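See structure below.
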Amino acid sequence: MAKPPPCFGLPGRIRNIIHKAVCASVYLFLVAPILVIIPLSFNAEPYFTFTPGMLTFDPEAFSTRWYRDIWDNEQWLRAIRNSFFIGISAAVIATTLGTVAALGLSQASMPYRTAIMAVLLSPMIVPVIITAAGLYFFYSGIGLSQTFPGLILAHATLGAPFVVITVTATLSGFDRSLTRASASMGATPAYTFFHIIAPLIAPGVISGGLFAFIISFDEVVAVLFLSGTEQRTIPRQMWSGIRESISPTILAVATLLILVSVMLLLTLEVLRRRNERMRGIGI
Amino acid sequence: MTTISTSAGMTIDDDGRALKAKFARAERARQIKAAGLVAPLLAFVLITFVVPIGLMMYRSVDDPVAVRAIPRTLELLNHWSPDSAPPEAVFKVLGEELLSARESGDLGKLATRLNYDVPGTRSTLMRTARAMRRGPAEGRSHRDLFETIDPKWRGGEILAGLKSLNSPYTRSYYLAAADLTTNLYGDIVAKPPHQRIYVSLFVKTLWVSLLVTALCILLAYPVAYQMATLPAATANLLMILVLLPFWTSLLVRTTAWIVLLQSNGVLNDLLVATGILGDEGRIQMIYNMFGTVVAMTHILLPFMVLPLYSVMKTIPPNYLRAAESMGAPPARAWLDIYLPLTLPGAGAGSILVFILCIGYYITPELVGGRTGQLISSAIAYHMQSSLNWGLAAALGTLLLVGVLALYWLYNRIAGVDSLRMGG
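The listed protein sequences derive, respectively, from chains F and Y. Numbered by the working numbering, the letters in the first sequence go through residues 316 to 598 in order. Numbered by the working numbering, the letters in the second sequence go through residues 22 to 444 in order.
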């Protein structure tokens, strides 16, 4: 039942066409820049634009040399290792602390819930440049700057709010009588947690963890201020690539990152559906 | 109150009280358990986030070095007015204190600190301290010695600058952040026009954020409306087009805009190939304000589409039909019925986009060139290049206060939970 917004005085059919055209151009604006990168990453020439050969689909004009470039470049390989190491470590910390906190926050007896929630979510609100500035001064005093632990802690802080929100949302649909039923049949609280609560909230916890991972994986402001050369991540390496020596290798990396985001998007969608199914509701 | 004895020897009154106490105890235990679950994350966030930011704010007023390095000089300067010639004793004491500051390692910090307020005086102080070991020649005053080392001591600026450092806390970083300074007498005055940077930078940041927010509303509205009115299956497909950029790395999106907009980029090539532009007439679309606005709009657009869509989804189409059945022209029905109902979504989305925009660093820094940079770039500059950490902290604190005020507003409009799609 598509109902176009009124453009004053125009007949419905024309309104409809205009609305569709506007929408199509917005979708184009959203997606085209990202899609343009993919073919350009196979450019045989070191240019950031389509060569005449590419436009006529000359196979000579395409190559995978920029992908081999990543493979041959120790800096990029180290950046990839660092990104996964920091991202996974930060996500584990954020998910553990965030899930436990969400369990507490979703209980009716939690005191000062609103105030505490505001503090816990604040790393998400405050611009990262300010968080990074604070940590930059803080770490320089205690010797954590340019270290892996410093960066992992920073990223865990930035990712934890997303875990809290995702898991709290999952728990808000959780039927409390299940835990009472379990307890009434003699289950210990630990047994109830691992056998009743955990399987039900698992999709929420996993999406929270993915959120925390992607926040770290994509984060560059904190990395810029808190890391040394040893801790460079993929986005940090791209930053240098854009600033200093612009080469199509960046486009190859970008294409791989787009692939990663598509996979994450699909995973989250699967988790969301699973969560809805388990809770027996469809939003 | 009468009490009735029971066979067990307990009174009902006692029993009631015991029950109440037991209940309170149980409630207390539950509270402690809930709080215990939250405590680890709370402690973590306090240590890695709240405390560092608190220390940053403290740094924006903290100014201990002069009080530590030249306390006796400050004491003497307190009685000195910049109109009169400084007494000889000031130079004598200052000479001694500079010498000992040089040994204790405070001299460099003091010189750097003074240089923030009185530019160009760092070397004067360093040079003076180095020369102090010799002391004045026979029959010459300390003042002569200072003025021989550097003629800058002749005017009162340096001494007035030192005098203004007489407290362990300073307002001068905030004054600098507001393009203000103090004159010889300690009155607050505007900086000379060519040194005014930050007020216009703050204003520019606000304008860019407003512009980006307005563009996001403009672009998000038709799209969200379309998705809200289409059948769920189609809407979900279209949603992927919004979520793909949302989930794509920020650096990838910024790179994409550089590829598209640079003067040898895809868009310019397209315009030249189609004959719209001559090869000489390529437009500079990036590394300026235009690039910043386009890239920021692209990056923040999903944050507007998502809240708008979720609000529009809840508006029953019957409302519009009802209005039209009662004779309202479609335009009227839409303006009077539909638009007001979408305002919470538009409000929440706008504040979210605005908050994210005013603190953005990466994109303006990479595609903004010289004209398209925002206040965050100034903070980064003072942290990493000029090393004026006090000024960086003051600028950061001002930005933080602005963001928190907006966040409070957002909370009033939308509630913090609706941030769940936010990044």
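Backbone N, C-alpha and C define an ideal beta-carbon position, used for all residues, glycine too. Being a predicted model, the structure only gives us computed values, none of them experimental.
{"Query": "Residues that Y/ASP83 bridges to, as DSSP identifies them", "Result": "Y/TYR190"}
{"Query": "Validate contact between the stretch 51-66 of chain Y and the stretch 414-428 of chain F using beta carbons, cut 8 Å, 3 pairs", "Result": "yes"}
{"Query": "Neighbourhood of Y/TYR190 by C-beta, 8 Å cutoff - its chain only, sequence neighbours within 5 removed", "Result": "VAL82, ASP83 and ASP84"}
{"Query": "Residue-level contact to chain F via CB, Y/ILE218, 8 Å cutoff", "Result": "no"}
{"Query": "Segment contact flag, the stretch 333-344 of chain Y with the stretch 362-373 of chain Y, C-beta cutoff 8 Å, min 3 pairs", "Result": "yes"}
{"Query": "The stretch 406-419 of chain Y contacting the stretch 224-236 of chain Y, beta-carbon criterion three pairs below 8 Å", "Result": "no"}
{"Query": "DSSP state of Y/VAL210 mapped onto helix, strand, coil", "Result": "strand"}
{"Query": "Closer than 8 Å to chain F by CB, Y/ASN285", "Result": "yes"}
{"Query": "Contacting positions in the stretch 425-447 of chain F - beta carbon closer than 8 Å to chain B", "Result": "Among the protein chains in the structure shown, which are F and Y, there is no chain B."}
{"Query": "Sub-8 Å separation of F/ILE530 and Y/VAL273 beta-carbons", "Result": "no"}
{"Query": "Alpha-carbon to alpha-carbon, Y/GLY302 and Y/ASP357", "Result": "47 Å"}
{"Query": "Inter-residue Cα distance where the pair is Y/ALA122 and Y/LEU128", "Result": "5 Å"}
{"Query": "Below-8 Å beta-carbon distance, Y/ALA401 vs any chain F residue", "Result": "yes"}
{"Query": "Inter-residue Cα distance where the pair is Y/GLU345 and Y/LEU232", "Result": "34 Å"}
{"Query": "Reference F/THR494; option with closest CA among F/VAL577, F/ILE512 and F/GLN552", "Result": "F/ILE512"}
{"Query": "Span separating the alpha-carbon of F/ILE440 from that of F/MET500", "Result": "44 Å"}
{"Query": "Contacts around F/VAL556, its chain only, beta-carbon distance under 6 Å, and the 5 residues preceding and following it disregarded", "Result": "Before going on, a small fix: residue 556 of chain F reads as Gly here, not Val. ILE565, listed in sequence order."}
{"Query": "Proximity of F/PRO348 and Y/TRP278 at Cβ, strictly below 8 Å", "Result": "yes"}
{"Query": "Within chain F, the residues that Y/TRP278 reaches when beta carbons sit closer than 8 Å", "Result": "PRO348"}
{"Query": "Sequence ranges, alpha helix (DSSP H) only - wholly within the stretch 410-435 of chain F, length at least 4", "Result": "none"}
{"Query": "8 Å Cβ cutoff met for F/ALA567 and F/ASP387", "Result": "no"}
{"Query": "Short CB-CB distance (under 8 Å) between Y/GLY380 and chain F", "Result": "yes"}
{"Query": "Proximal chain F residues relative to Y/ARG143, where beta-carbon distance stays under 7 Å", "Result": "Here the premise fails: no neighbours, minimum Cβ distance about 22 Å."}
{"Query": "Residues near Y/VAL114 by beta carbon distance below 7 Å, same chain, minus five either side", "Result": "ARG93, THR94 and LEU97"}
{"Query": "Chain-order list of residues whose beta-carbon lies under 7 Å from that of Y/LEU329 (same chain, five-residue window excluded)", "Result": "ALA241, TYR242, ALA245, THR363, GLY366, ALA367 and GLY370"}
{"Query": "Contacts around Y/HIS319, its chain only, beta-carbon distance under 8 Å, and the 5 residues preceding and following it disregarded", "Result": "PRO266, ARG274 and TRP278"}
{"Query": "Residues, ordered as in the chain, of the stretch 330-347 of chain Y that lie near chain F by beta-carbon distance below 8 Å", "Result": "PRO338 and LEU341"}
{"Query": "C-beta neighbour in chain F for Y/ASP165, strict 8 Å", "Result": "no"}
{"Query": "Which of helix, strand or coil DSSP assigns to F/LEU566", "Result": "helix"}
{"Query": "Neighbourhood of Y/GLN394 by C-beta, 6 Å cutoff - its chain only, sequence neighbours within 5 removed", "Result": "PRO385"}
{"Query": "Contact under 8 Å by Cβ, Y/LEU180 with Y/MET153", "Result": "no"}
{"Query": "Among Y/THR149, Y/LEU387, Y/PRO140 and Y/LEU40, the one whose alpha carbon lies nearest that of F/TRP554", "Result": "Y/LEU387"}
{"Query": "The stretch 143-151 of chain Y touching the stretch 100-109 of chain Y, judged by at least three CB pairs closer than 8 Å", "Result": "no"}
{"Query": "C-beta neighbour in chain Y for F/LEU579, strict 8 Å", "Result": "yes"}
{"Query": "is_contact[Y/TRP410, chain F] using C-beta, thresh 8 Å", "Result": "yes"}
{"Query": "Under 9 Å from the C-beta of F/MET553: neighbouring residues of chain Y", "Result": "SER270, LEU272, VAL273, THR275 and THR276"}
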